[in-house]
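Heads up, the thing below is written out as structure tokens.
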Amino acid sequence: AQSVTQPDIHITVSEGASLELRCNYSYGATPYLFWYVQSPGQGLQLLLKYFSGDTLVQGIKGFEAEFKRSQSSFNLRKPSVHWSDAAEYFCAVAPNQAGTALIFGKGTTLSVSS
Amino acid sequence: DVKVTQSSRYLVKRTGEKVFLECVQDMDHENMFWYRQDPGLGLRLIYFSYDVKMKEKGDIPEGYSVSREKKERFSLILESASTNQTSMYLCASRKSGLAGSLEQYFGPGTRLTVT
Numbered sequence: 001a002q003s004v005t006q007p008d009i010h011i012t013v014s015e016g017a018s019l020e021l022r023c024n025y026s027y028g029a030t031p032y033l034f035w036y037v038q039s040p041g042q043g044l045q046l047l048l049k050y051f052s053g054d055t056l057v058q059g060i061k062g063f064e065a066e067f068k069r070s071q072s073s074f075n076l077r078k079p080s081v082h083w084s085d086a087a088e089y090f091c092a093v094a095p096n097q098a099g100t101a102l103i104f105g106k107g108t109t110l111s112v113s114s
Numbered sequence: 115d116v117k118v119t120q121s122s123r124y125l126v127k128r129t130g131e132k133v134f135l136e137c138v139q140d141m142d143h144e145n146m147f148w149y150r151q152d153p154g155l156g157l158r159l160i161y162f163s164y165d166v167k168m169k170e171k172g173d174i175p176e177g178y179s180v181s182r183e184k185k186e187r188f189s190l191i192l193e194s195a196s197t198n199q200t201s202m203y204l205c206a207s208r209k210s211g212l213a214g215s216l217e218q219y220f221g222p223g224t225r226l227t228v229t
């Protein structure tokens, strides 16, 4: 069965420092991969997505993610974190078929220290 | 701008009450979803609907039912609310099909407390 693992439950980063959030997936075929962000008390907002092509994808708010098939990973990165990036981040995978839902990881909470 | 709205941001109900959570989307999407979100468990799929009057059970359907009488509206029903259904409920929608249409749009969530 498909699954998504986010190994880090909580990460604290200093403002201005770089960030990397890890995501590993389990899926037999080429996956469709997503990163969502959830600010406190809000719904989820799409940061970026990977379907095919260039393995480095750019998203909103200065985020990027790299798909590495050999490592079954889709890690999210940002070169310089801002205090407003404090939120919960979810990685998700979509099976390549119609009529199915996204499968989410359990999330990583990001805290930003000043 | 795409929009998914949920009828309430916060809701407090008593054990045994029948609870309705409403979700409306204005994007003419065929697929709609209900998730519950709990700390440390991420998002878990309760039910989804791929067309009007059509529904499929997700990972945790027990204690819930759904209704989709119109394309834009998807309701989640707790027939007899219990304290273990205290949670954040998120609705989402997406267009039908493969590949580029797999992005899901989320509502703001309803935080339900059952006392």
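Protein chains in written order, with my numbering: chain A, 1 to 114; chain B, 115 to 229.
C-beta atoms are modelled at their ideal positions from N, C-alpha and C, and glycine is treated no differently.
This one's a predicted model, so the numbers in the text were calculated from it and none came from an experiment.
Between residue 32 of chain A and residue 51 of chain A, the gap from beta carbon to beta carbon is short of 7 Å. Within chain B, the residues whose beta carbon sits less than 8 Å from that of residue 42 of chain A are 222, 223, listed in sequence order. From the listed residues A:20, A:69, A:60, A:106, the smallest Cα separation to residue 29 of chain A is found for A:69. Below the 8 Å Cβ cutoff, chain B contributes no neighbours of residue 28 of chain A, its closest Cβ being approximately 16 Å away. Setting aside the 5 residues that flank it on each side, residue 172 of chain B is surrounded in the same chain by 159, 160, 161, 162, each with a C-beta closer than 7 Å to its C-beta; the list follows chain order.
Boundaries cannot be given for residue 196 of chain B, as no beta strand (DSSP E) includes it and DSSP labels it neither H nor E. Contact annotation: residue 125 of chain B and residue 224 of chain B have beta-carbon atoms nearer than 7 Å. CA-CA distance, residue 176 of chain B to residue 26 of chain A, rounds to 26 Å.
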